[in-house]
Structure formats: C-alpha cells, structure tokens
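Report on the following structure.
There are 2 protein chains.
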Amino acid sequence: MPTPPLPDRVRDLLAKANPAVITTLREDGQPVSVATWYLLDGDRLLVNMDATRKRLQHLHDDPRVSLTVLDEASWYNHVSVVGRITELRDDVGLADIDRLSTHYRGRDYPDRDSPRVSGWIEIERWHGWGATQG
Amino acid sequence: MPTPPLPDRVRDLLAKANPAVITTLREDGQPVSVATWYLLDGDRLLVNMDATRKRLQHLHDDPRVSLTVLDEASWYNHVSVVGRITELRDDVGLADIDRLSTHYRGRDYPDRDSPRVSGWIEIERWHGWGATQG
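Protein sequences appear in the order of chains A and B.
Residues 2 to 135 in our numbering are what the first sequence lists, from first letter to last.
Residues 2 to 135 in our numbering are what the second sequence lists, from first letter to last.
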C-alpha cells in the first residue's frame, strides 16, 4: 500500500460525500466496522460520533483504524486508508457534525441535544481500486 | 450487538447484491478494510479472493473479520456483522466466484486464469441501522 501524499485522483474521490465504512478494534482486538460520514480535512480525515458510543472507548484504547470509501457513482471505484486517530476532541457547539451533515445532506445536524466527539485520522497508507488504482 | 439467528429484515438485506466492506487484521493487529462481494450462504457469508492476496495470509494468521453491508437503495440502511472465517477452501473450477459474479453482475467471472480462494464467515454478532435496526 502506498504512503501519503495522496495523488489528486484519490483526494478528488475523498472530497466527495461518499459512503464509507470505518473499522475500529474492540479491546480484545476483534475488528468492528460501521458505516460513517467522513470529511477530508487538510491531509487528515474527520469523523464524528455520539459521545456515548463504545467505539469512542475503543479508540482511546487503540487508535488504529481503517476506512474504506466507496465512490457513490460506482462502488467498484474505492479507496481504503489505514492509519490512526491522532486527535479526539469534544465537538463543542456541534460545529464538526454540522460540517459533516452539511457536506452530506446540505443542512445542520438535526439532533442538538446529544454531545458528540470528533476524531481525526492520520493516513499512514492507502490503496485504490478502479479509477483510483495506484 | 445481538447474536444470531438473524431476523428476516436483516437476512433480506444481506440477500441482495449490496456494496460491502470487509476488514481483516494485519499480523500486527492493524485493521485493513476493502470493498468486497459477499453472498449469504445458509447462515454464513461467502467471500472470495485472489489466491495471491495478502489478506489470505492475514486470515490464516487471525480469522477474525468484520463485514459492513450498505443497502444499495440507501446506504443509511446498513448491517454490520463480526465473526470469523471458519472455512477457507480453494475455489476449484471457480464455482464460488462464479456464484458471486452472477449474483452481482449476472454472468460468470471473466478472469478464468487466476486461482482463487473462498472463505465463509460465521456470524457471532450483528447490528443494524435504519430499516434493519434491532
């Protein structure tokens, strides 16, 4: 798997509001995956989760993650990155989930009551298939 | 996360030719994910890979996997399963990849030259969001 910097064709795919799946590690090392919103934020990937998610505890215990992004136009084009969450921060004022929600749905996040946490994935390696193939 | 048996609404989603992402573990425990075809085969999930894939070595070393399936009609409906590959078998005559290719693309797999391996995921736990929510 190549290392960063990401070529433009990969950045272009990651910049779109595509379906994605993130995998974290349970404390026993079992991988657990779930669909997620993400946002290319500089050279890192922003994700955001409800503050009560067990996934948050997993990330505190072991920050290693994998994220696969499927091109919504054709999921045979896809990019996967492996890396780690290098920053976890309370999403004060829900500013980050609003950025994500606006990116995906064109409006602020509807639930204003549940506290959320943001995480930034530092990309260590990536691999592309289809139009993004390395 | 609930344990099997899977309710019908989850089996119905898994029975469709949906986009999916599988995660395996590198030898150092780092999760690595990639888009994949899958097929609900009885109570297990069939996946298939090129015999030269590093992923195959990973599965020999640690059979734990996670699979997230996105409803192609709306990826806000999704199901994730965690479990392990309980069987790995050479895909003799490419019978299994042809089943997968027919399911997804309506025809046999075009590459008849590269040997492939089939794996069956035994589901230990699952979780659904959207229409499949538990």
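Yeah, the Cβ is synthetic: ideal placement off N, Cα and C, and Gly gets one too.
Taking the beta carbon of His-79 (chain A) as reference, the chain B residues within 9 Å of it are Pro-20, Val-22, Val-35 and Ala-36, listed in sequence order.
With 16 or more neighbouring CB atoms inside 10 Å of its own CB, Arg-65 (chain A) falls in the buried class. Only buried fits Gln-31 (chain A), as 16 or more other CB atoms lie within 10 angstroms of its CB. Counting of Cβ neighbours within 10 angstroms places His-61 (chain A) among the exposed residues, the total staying below 16.
In this structure, Ile-98 (chain B) lies near Asn-49 (chain B), with their beta-carbon atoms less than 8 Å apart.
Relative to Trp-121 (chain B), the option among B:Asp-114, B:Gly-43, B:Val-22 and B:Tyr-77 whose CA is nearest is B:Gly-43. For the set A:Leu-15, A:Asp-9 and A:Ala-132, the Cα lying nearest the Cα of Asn-78 (chain A) is the one of A:Ala-132. In the DSSP assignment, Ser-81 (chain A) falls within the beta strand (DSSP E) that extends over 79 to 91. Chain-order list of chain B residues neighbouring Trp-76 (chain A): Pro-20 and Ala-36, by C-beta distance under 7 Å.
Here Tyr-39 (chain A) has Ala-21, Leu-46 and Val-48 as same chain residues with Cβ atoms under 6 Å from its own Cβ, once five neighbours each way along the sequence are excluded. For Pro-64 (chain A), no CB of chain B lies under 8 Å from its own CB, so it is not counted at the interface with that chain. By the rule that beta-carbons nearer than 8 Å mark a contact, Gln-31 (chain A) touches chain B. Judged by DSSP secondary structure, Ala-36 (chain B) falls outside any alpha helix (DSSP H) and instead within the beta strand (DSSP E) spanning 32 to 37. DSSP lists A:Val-82 as the beta-bridge partner residues of Trp-127 (chain A). When the beta-carbon positions are compared, Leu-26 (chain A) and Asp-51 (chain A) stay at least 8 Å from each other. Interface annotation, Thr-69 (chain B): in contact with chain A, CB-CB separation under 8 Å.
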